[in-house]
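Residue numbers for the sequence shown follow full-length UniProt numbering, so the first one is 1 and each next one is one higher.
Don't be surprised by glycine CBs; every beta carbon is placed ideally from N, CA and C.
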Amino acid sequence: MGLTSEALECLPDRTIVSMGVLISKYARHGQCAAALDCFQKMLTEGVKPDLGAFSWVLKACGNLGAIHYGRKVHAEIVERDFHTSTAIHGSLIHMYANCGYLNEACKVFSCVRNSNVITCSVMITGYIQHGCGFQALEFYRYMQQHGLKPDRVIFLCLLKACSSVEAIKEGRLLHDDIIRADLELDVTVGSTLLDMYSKYGSLDEAQEIFNRMPIRNIVPWNALMAGYVQHGNGLATLELFERVQQEALGLTKATYLGIIKACGSVKATSLGRRIHIMLLESGTTINGTVGNSLIDMYAKCGIPEKARRVFDELTTRDDVSWSSLIAGYVHNGCYSLAFELFEEVRMHDIKPDKFFFSSMLKACGNMKAIDRGQMLHGEVKKHGLEFDVVVGNTLIDMYAKCGRITDAREVFDNLPSRSEISWSAMISGYTLQGLGLSALEVFERMLEEGIPPGVTILPIVLKACGTIGALECGHQVHDLHVRQECKLDFTVGNALIDMYIKCESLKDARKVFDSLSGRDVVSWSTIISGCVQDDQGIPALHLYTQSQKEGITPDRVLILCVLKACGSAGTIEMGKIMHDKVIRQNLDADLAVGNTLLDMYTKCRSLEESLNVFDKLSNKNVVSWNAMIAGLAQHGYCRSALECFGDMLCQRIEPDSWTFSSILAACSEAALVKEGHRLFKAMETYYGIIPGVEHYNCIIDLFSRAGQMPEAKKLLRSMPVLPDITTWMSLLTASRMYGYVDLGLKCFNEVAQLEPDAAAIYALLSHMYADFNLFQDACKVQELKKCSSAWKKPGKACIEIGDSIQEFIVGEKSTSDTDLSRGLSRLLKEQGYTPRLDMIFETSENETGDLSRAWEL
Numbered sequence: 001m002g003l004t005s006e007a008l009e010c011l012p013d014r015t016i017v018s019m020g021v022l023i024s025k026y027a028r029h030g031q032c033a034a035a036l037d038c039f040q041k042m043l044t045e046g047v048k049p050d051l052g053a054f055s056w057v058l059k060a061c062g063n064l065g066a067i068h069y070g071r072k073v074h075a076e077i078v079e080r081d082f083h084t085s086t087a088i089h090g091s092l093i094h095m096y097a098n099c100g101y102l103n104e105a106c107k108v109f110s111c112v113r114n115s116n117v118i119t120c121s122v123m124i125t126g127y128i129q130h131g132c133g134f135q136a137l138e139f140y141r142y143m144q145q146h147g148l149k150p151d152r153v154i155f156l157c158l159l160k161a162c163s164s165v166e167a168i169k170e171g172r173l174l175h176d177d178i179i180r181a182d183l184e185l186d187v188t189v190g191s192t193l194l195d196m197y198s199k200y201g202s203l204d205e206a207q208e209i210f211n212r213m214p215i216r217n218i219v220p221w222n223a224l225m226a227g228y229v230q231h232g233n234g235l236a237t238l239e240l241f242e243r244v245q246q247e248a249l250g251l252t253k254a255t256y257l258g259i260i261k262a263c264g265s266v267k268a269t270s271l272g273r274r275i276h277i278m279l280l281e282s283g284t285t286i287n288g289t290v291g292n293s294l295i296d297m298y299a300k301c302g303i304p305e306k307a308r309r310v311f312d313e314l315t316t317r318d319d320v321s322w323s324s325l326i327a328g329y330v331h332n333g334c335y336s337l338a339f340e341l342f343e344e345v346r347m348h349d350i351k352p353d354k355f356f357f358s359s360m361l362k363a364c365g366n367m368k369a370i371d372r373g374q375m376l377h378g379e380v381k382k383h384g385l386e387f388d389v390v391v392g393n394t395l396i397d398m399y400a401k402c403g404r405i406t407d408a409r410e411v412f413d414n415l416p417s418r419s420e421i422s423w424s425a426m427i428s429g430y431t432l433q434g435l436g437l438s439a440l441e442v443f444e445r446m447l448e449e450g451i452p453p454g455v456t457i458l459p460i461v462l463k464a465c466g467t468i469g470a471l472e473c474g475h476q477v478h479d480l481h482v483r484q485e486c487k488l489d490f491t492v493g494n495a496l497i498d499m500y501i502k503c504e505s506l507k508d509a510r511k512v513f514d515s516l517s518g519r520d521v522v523s524w525s526t527i528i529s530g531c532v533q534d535d536q537g538i539p540a541l542h543l544y545t546q547s548q549k550e551g552i553t554p555d556r557v558l559i560l561c562v563l564k565a566c567g568s569a570g571t572i573e574m575g576k577i578m579h580d581k582v583i584r585q586n587l588d589a590d591l592a593v594g595n596t597l598l599d600m601y602t603k604c605r606s607l608e609e610s611l612n613v614f615d616k617l618s619n620k621n622v623v624s625w626n627a628m629i630a631g632l633a634q635h636g637y638c639r640s641a642l643e644c645f646g647d648m649l650c651q652r653i654e655p656d657s658w659t660f661s662s663i664l665a666a667c668s669e670a671a672l673v674k675e676g677h678r679l680f681k682a683m684e685t686y687y688g689i690i691p692g693v694e695h696y697n698c699i700i701d702l703f704s705r706a707g708q709m710p711e712a713k714k715l716l717r718s719m720p721v722l723p724d725i726t727t728w729m730s731l732l733t734a735s736r737m738y739g740y741v742d743l744g745l746k747c748f749n750e751v752a753q754l755e756p757d758a759a760a761i762y763a764l765l766s767h768m769y770a771d772f773n774l775f776q777d778a779c780k781v782q783e784l785k786k787c788s789s790a791w792k793k794p795g796k797a798c799i800e801i802g803d804s805i806q807e808f809i810v811g812e813k814s815t816s817d818t819d820l821s822r823g824l825s826r827l828l829k830e831q832g833y834t835p836r837l838d839m840i841f842e843t844s845e846n847e848t849g850d851l852s853r854a855w856e857l
């Protein structure tokens, strides 16, 4: 179409019909301004428009958003008495709705005597176009009440409305109506349904619709891929993409965007590079959303330099390009590059938005750069973003990570509206600073304000409970999750296990673990770690064996947990198997793994293996040396432990409190009084380490073993810290050894007050009385033991036969092993073993004369 004036000059006869045709052609071809110009000339020349001309010019006004001219046309229509026409009503509604004047559109609609599908469709489209999804759904109910049957177009519009306002209930009801209208298998309707369910996260329903579709073009594939990647299942997206390629469907921009995002989410670097090459070979211009997605993908795959290359090759860059690269740098810890790029943003006169500031504040938090963070906070205020919830959440996180929890709370309190992330950031901040009680108070306030906790915030709250050992509170949070009828996923399940373990409730942790429908490597690592902490090494190893049957590939954390379990249980063969896994996974250079291996071999009484591991450690830290010193001392090589300590000092490794605990214990074991006393003094004098009760215990034990009881008592009186059970037990043992009966009785009384159910003190005191033939006093001690309900933790031992580990507990009556046990007792008797009978007291009639028990192991 040419210019209006030229087209008008060419008209041989300017009539209503000819000019009306010209206006309609302009409007149909998108030349709306020309249509208005033609209409104006029509009025100027006195040609009276008909209904058709009015309809087309109203459409042109709507498309242009020319509300003022549209109102003039409306006035002209009323003046010419055309406003009662049903046909003109639809055009007026369209014009007002398109211009965003929905109240005027509603007024016109209310004047329609017999509304039809078309007028309802225009109203619904207008509401959706301006983000008023719920009002659009209200109009659908109006249609149903008035017996109007929606067509395919209306259903498509309404499905988009449900997606935009996340109206899942209404969406499912609409789906039922679509099935009754026999439109579910329509490719476009089916694709839109699929898209709606995908955005809800109802991926099973989306997949069912996809499977039922008889004909599928690329659109439903794109929708399903986008749904999977949006809800964190990037692997499913990659699988769908393989099927798309097998079916040789034409790839669209949406396909590429979905698969690029999926590659970033699962770090599929190789496929991501291949997609990039495919884009280049197809001649696609790498700009806009595609270029920005590639920057994001490479950054998430840990290749920030490749992300920068894509950025540099963009012919046009928008704000998202800059913010994506900055976010990528921060994600990969390239904080200096992020700050440099942020300065470039300022040089290019780009106004930083909330996403720029959010990334930069995150960098400040990770770096603990409080000065830079405060400067950025000042800029945030200048740009009027102080009360933006995204920026506010990052400010809370930044201040919390920098240890400025008061500033974090001030930002939180000043936010006019808070998202779940705001509450999560504040609770996480308090937990990070060890202020679990404050974290729980914020959570309680959140519940009081009627905000339901999502699955993202519950793990943080559970961590707060674990931090302060708030078991009862942890139970309440667990109950809250159960009442929400949410599926127990990995994140919440693992957080519950961890919380119960930190609250010393392994039984509850095991219940949660057993109830999980699926367990990941974190689940297994957490429960095995809990067993090790509870001194249940054998159950921990049984759990590990079960994890292998379920196909779990052990990672670094799980291997560390199992090595500790091997050390706890003393299972050398299993330890060697794990050592082999360490080597195969190239973890032998990892210092933490090496130190744990060293500790495991030491506890398994394999000093040779410990020394081999120690010698192979390329970088030894204080933990490595401490473990080796402790291992040598435990195996009786006390002089070697002292030499090892000397080597450590030569390597300029600064000893810590644990170092002195181990070396003083070695001195005590070897009765090296002078060396021990010299090292004890050197702790504070030369290394600034204030001795704790464990160090005093070593020296008291050293004096006691050497028979220097006066020195031991003198040190006891001068201790600046309160003696503990170990202190009194050392003195009680020495008192028995050297005949200090009065001191032994005092030690007994002290331990009885601290831990009245400790059976060892009753045994030591009774033995001491027996040693001096004070059998009546010894019997009294035994009676006192019964009255106090004192008990001794049963001894445990285990054997490894192939892949099986069997644990034995003293006093355990296993029907399968009783005969073997008795046979071993007989064999020992035949070999000349004689139990000590002088310690068997006739404490009751039932036990008198039954000496056969002395032979039971």
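Going by the CB atoms, is the gap between residue j and residue i shorter than 8 angstroms?
i      : j      : result
SER293 : ILE260 : yes
GLY62  : CYS120 : no
THR394 : LEU415 : no
THR289 : LEU257 : yes
ILE700 : THR727 : yes
GLU654 : CYS667 : no
LEU148 : MET196 : no
ILE451 : MET426 : no
LEU632 : SER640 : yes
Report the three-state DSSP secondary structure of residue i (helix, strand or coil).
i      : result
MET19  : helix
HIS153 : Strictly speaking, residue 153 in this sequence is Val, with His absent from that position. Correct three-state label for VAL153: helix.
GLY46  : coil
THR285 : coil
MET213 : coil
SER321 : helix
GLU669 : helix
MET683 : helix
LEU488 : coil
PHE614 : helix
TYR601 : helix
ALA470 : coil
GLY52  : helix
ALA495 : helix
VAL442 : helix
VAL108 : helix
Considering just the uninterrupted stretch of the alpha helix (DSSP H) at residue i, what are its terminal residues?
i      : result
GLU170 : 168 to 180
ASN697 : 693 to 705
CYS638 : 638 to 650
THR119 : 117 to 129
TYR738 : 725 to 738
LYS382 : 370 to 382
LYS549 : 537 to 549
HIS74  : 67 to 79
LYS401 : 389 to 401
Near residue i, which residues of its chain fall below 6 angstroms by C-beta distance, leaving aside the five closest residues on each side in sequence?
i      : result
ALA752 : none
TYR430 : SER438, ALA439
THR815 : The predicted position of THR815 is uncertain, since its pLDDT is 48 and thus under 50; a value taken from the coordinates is nonetheless stated next. For THR815, where only same-chain residues beyond five positions count, there are no Cβ hits under 6 angstroms.
LYS267 : CYS301
HIS635 : LEU607
For residue i, which residues of its own chain have a beta-carbon under 7 angstroms away from its beta-carbon, when the five flanking residues on both sides are left out?
i      : result
VAL613 : GLY594, LEU597, LEU598, TYR601
ASP319 : ILE350, ASP353
ASN619 : LEU591
GLY744 : LEU732, SER735, ARG736, LEU765, MET768
TRP658 : ASN626
Checking contacts by CB at 8 angstroms: is residue i closer than that to chain C?
i      : result
ASP182 : In the structure shown, chain C does not exist; there is a single protein chain.
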